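In my numbering, the protein residues as written are 308 to 1017. Read through the structure below, which is laid out as structure tokens, and then see the notes.
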Amino acid sequence: MKCNLSYWRPLLSVSILPVLAIAPSVVWNQPGRAQEGERAGLIHASISRQGMNSLADSESRLKPTEILTDSFLERTSAMRQGIHSLSEYRFLAQSVPPSSRIRQGRQVSLNGRILPLTWTQQPANSTSADFRTWIADVGLMQSAGVDLLSSADSTKQPVQWFSVSLTGAQSLAARATGSYRYLDVTDFARLAGWEISADGNILKITSQTASVTGIRQAEIESGDRIVVDIDRPAPWQVNFVNTPSPSPTPTPNPPDDPTKPAIPLQSLPASPNLETPDDPTKPALPLQITPAAPIAGQEWSIAIDAKVAPAIIQQTFSTSQQLLSLKVEPDGDQTKVKVKIPLGWRPQVFSLGNPNRLAIDIRPDSLVEKNIVWAPGVQWRQQYQNLGTARFPVVWLEVNPRQAGVKIRPILSNPPTDRGTAPLLQTAEVAGAAAAINAGFFNRINRLALGAIRRDNKWLSGPILNRGAIAWNDRGEFAIDRLTLQETLITPANQLLPVSHLNSAYVQPGIGRYNSDWGTTYTPLSDNEIVVTVAGDRVVSQSPGGAAGTTTFPIPANGYILVLRSDFFPASELSTGTLLRLETNTFPADFNRFPYILGGGPVLVQNSQVVLDAKAEGFSDAYVRQTAIRSAIGRNAAGNLLIVAVHNRAGGAGPNFAELAQILQQMGAVEALNLDGGSSTSLYLGGSLLDRPPSTAARVHNAIGIFIQP
């Protein structure tokens, strides 16, 4: 029966899979905490399912520093006796010790399981013999269930973990150093009963042996709730188990591809396309057609560092429209609670103390609203944006580009080359970025960019199709608009030869130009091109390109290569010895003054107004109407950058472009630009993805990186 239960706040957190380390499974933790003011009571049901123990009927609203229990008397007793305090500990004054006394590494052994998690140990000051342990904050949340609460001070981080509630003056000391933000967990570990020691690159954390003592179920107004009783606090993680369907509302066929080559490309074998059909730059290759049974749901595993008795494993559990299945499995010293839930849903998991419990809510709205000043100039926010009856979970970073030490740069997945793709986790880590979001479109077959990338005034990839782009400099100035790069070759006879694209993998009839910013060589991207080499402003050779991908032509350091495709008439004007003059302009002209540019599209907002015009940027109507997970970037009236990931609305699909534009407008964007989305959408902060499990994020070509310099 449906019980009158208190409303628990939604939550979103993501698994950690930092680069250059291999984890046995993807971890996606969801430690729950009310919006920084409130939290409601756990399961209040007069009758629970399947003969489970009934739970207290009262409900409560508590301040963030309070610990939740099932009744007022229990809570009062807990507040008097059970809440751990830092009063017996003090944070030692911080000063930088000699580097020879600093221990650090990128792996943590948590109860014997190796996790890719950055840490450091060092004395509190240059003379202290006691070492303090610091662990990357988002990774700590995702690997042990330590909830990070909202905070307006980047140097203090309030946390909640079972009955350990450290807020206000007792918050953990925090410091952002380059790519990571570390938390001093030394005193927290004592309160949590953790033993910590360093062994080379590995930080060993051992918690006291725990046991699962019971599992209960109940209905709540918004869905289903599972309560796991344990005899003592224990680390826990949420693992994404199976690969989901691309979208809750997949389209039968991909929408029209505006970057489909206008002339034939080399023949390539068709390969299975496991990406979402929301990428307008997807190559025009046939998709593998294999009839398959629809996926009823997706499975998640809540892994608890606690043993479980056989009687609990054999227990029979109820299912519902939201909770498609529930299983409890032992795994060594862990207990795994596996739930299968609707596509696009995520379990909300949070810990409670006195007594110790994990609550698992199955509900359509699972985002935890947070507002954390992560570092000076970088604010991490999560909240729902409402459009009519639709509620969209939005995870974003607000970055002050004028903050000392903050730099914004385009980053590539396979530097120094322009070819390649990689997970954003890897790209950001290799680049040394503190934060990043996937950026422009790319060809998934040849792994080359399809759109503007300008870095240090060099066009690594030229703009295409008059598509939207964002431009910026280190003075904190930004511009978002549709962008065209116009180049013209002028012969001695004043013959004007328009260049269609610069350093572009977008293949179409006309003249393409490739200079040393493309690389040291050029290999034809299509069959039967004519390749013209220009050095010192003079044509030095003209050669047939042959079949695509077969011949390599050197690009002169003091010149460039011209590629004639389909229309070969200009060949007669480009004979050996011809002197050429090149004129280059951007439209808008103002873009030429910015050293950094990244393309996307379509433009969503300008002058605080929605200006969506898909056709002006070469997008099909079908693509614009499609719903999908989206990435976007914008600027607010304060001049701060908004780096945004918008996921599926509660109980439904992601936004279309009109909805995305309205969301950015509501968030205060004066101007905003859509970036590559769908499976590419990834928002990175301090070694982790904030918005999704890494196993569901596609490899991407380029990104926008946020760097914090001392």
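Heads up, the beta-carbon is just placed ideally off N, CA and C, and yes, glycines get one too. Note that this is a predicted model, so its numbers are computed, not measured.
For residue i, three-class secondary structure by DSSP
i                 : result
arginine 1006     : coil
phenylalanine 624 : coil
glutamate 978     : strand
serine 658        : strand
isoleucine 421    : strand
phenylalanine 876 : helix
tryptophan 970    : A small correction: the amino acid at residue 970 is isoleucine; tryptophan does not occupy that position in the sequence shown. In this structure, isoleucine 970 counts as helix in the three-state DSSP scheme.
glutamate 736     : helix
phenylalanine 547 : strand
glutamine 1016    : coil
glycine 446       : helix
proline 683       : coil
alanine 436       : coil
methionine 958    : The residue you asked about is not methionine; residue 958 is glycine in the sequence shown. Correct three-state label for glycine 958: coil.
glycine 984       : coil
proline 1001      : helix
alanine 759       : coil
glycine 475       : helix
alanine 800       : coil
alanine 952       : strand
Through-space distance from residue j to residue i, alpha-carbon basis
i                 : j              : result
serine 987        : glycine 941    : 18 Å
valine 644        : arginine 709   : 46 Å
phenylalanine 657 : tryptophan 825 : 49 Å
alanine 935       : serine 632     : 27 Å
serine 518        : serine 608     : 17 Å
threonine 728     : arginine 488   : 27 Å
valine 535        : serine 927     : 49 Å
glycine 946       : valine 953     : 21 Å
alanine 878       : valine 839     : 8 Å
isoleucine 970    : valine 951     : 10 Å
asparagine 432    : threonine 623  : 55 Å
phenylalanine 860 : threonine 891  : 24 Å
arginine 782      : glutamine 973  : 26 Å
glycine 712       : threonine 883  : 50 Å
glycine 389       : tyrosine 903   : Reliability of the predicted coordinates at glycine 389 is poor, the pLDDT of 35 falling under 50, and the value obtained from them is presented with this limitation in mind. If I take the Cα positions, the gap works out to 55 Å.
arginine 629      : aspartate 672  : In the sequence under discussion, the amino acid at residue 629 is glutamine, which differs from the arginine named in the question. Rounded to the nearest angstrom, the two C-alpha atoms are 12 Å apart.
glutamate 966     : alanine 776    : 20 Å
alanine 499       : glycine 660    : 11 Å
serine 450        : asparagine 943 : 34 Å
threonine 724     : threonine 484  : 28 Å
For residue i, the residue or residues it bridges with in DSSP
i                 : result
asparagine 707    : Paired residues: none, contrary to the question.
isoleucine 1011   : Pro717, Ile744
glutamate 636     : Lys643
glutamate 794     : Val806, Thr891
valine 615        : Val519
threonine 427     : Gln411, Trp441
threonine 840     : Ser848, Ile868
tyrosine 829      : Phe860
glycine 819       : His808, Val870
phenylalanine 469 : Phenylalanine 469 is not bridged to any residue.
tryptophan 766    : Arg761
Cutoff 8 Å; reference residue i; Cβ partners in own chain excluding five residues on either side
i              : result
isoleucine 771 : Thr566, Leu757, Gly758, Ala759, His808, Ser811, Tyr813, Gly906, Gly925
aspartate 640  : Asn418, Gly419, Thr516, Asp612, Ala613, Lys614
Close beta carbons around residue i, own chain, < 7 Å, minus the five adjacent residues each side
i                 : result
leucine 881       : Val839, Val846, Gln849, Leu869
aspartate 897     : Ala786
alanine 1004      : Pro730, Leu731, Ser986, Ser989, Leu996
phenylalanine 875 : Ile837
leucine 803       : Thr795, Ile797
serine 457        : Glu343, Lys677, Asn678, Ile679
aspartate 920     : Pro909
glutamine 690     : Glu676, Val701
asparagine 955    : Pro555, Gly651, Ile936, Gly961
Cβ shell of residue i (< 6 Å), same chain only, five flanking positions each side left out
i                 : result
asparagine 822    : Tyr867
proline 1017      : none
phenylalanine 748 : Thr588, Leu757, Gly758, Asp983
serine 416        : Ile509, Lys511
Residue i at chain B interface by Cβ criterion, 8 Å
i           : result
glycine 856 : Among the chains in the structure shown there is no chain B, since it carries only a single protein chain.
Any non-hydrogen atom of the ligand MG within 7 Å of residue i CB
i          : result
valine 706 : Of ligands this structure carries none, so the ligand MG is not represented either.
Which whole runs of the beta strand (DSSP E) in the stretch 896-943 are 3 residues long or more, in chain order? Fully enclosed beta strand (DSSP E) runs of 3 or longer: 903-906, 910-913, 937-943.
Could you give the uninterrupted runs of the alpha helix (DSSP H) lying entirely in the stretch 477-541, keeping only those of 4 residues or more? Qualifying alpha helix (DSSP H) stretches, in chain order: 493-499.
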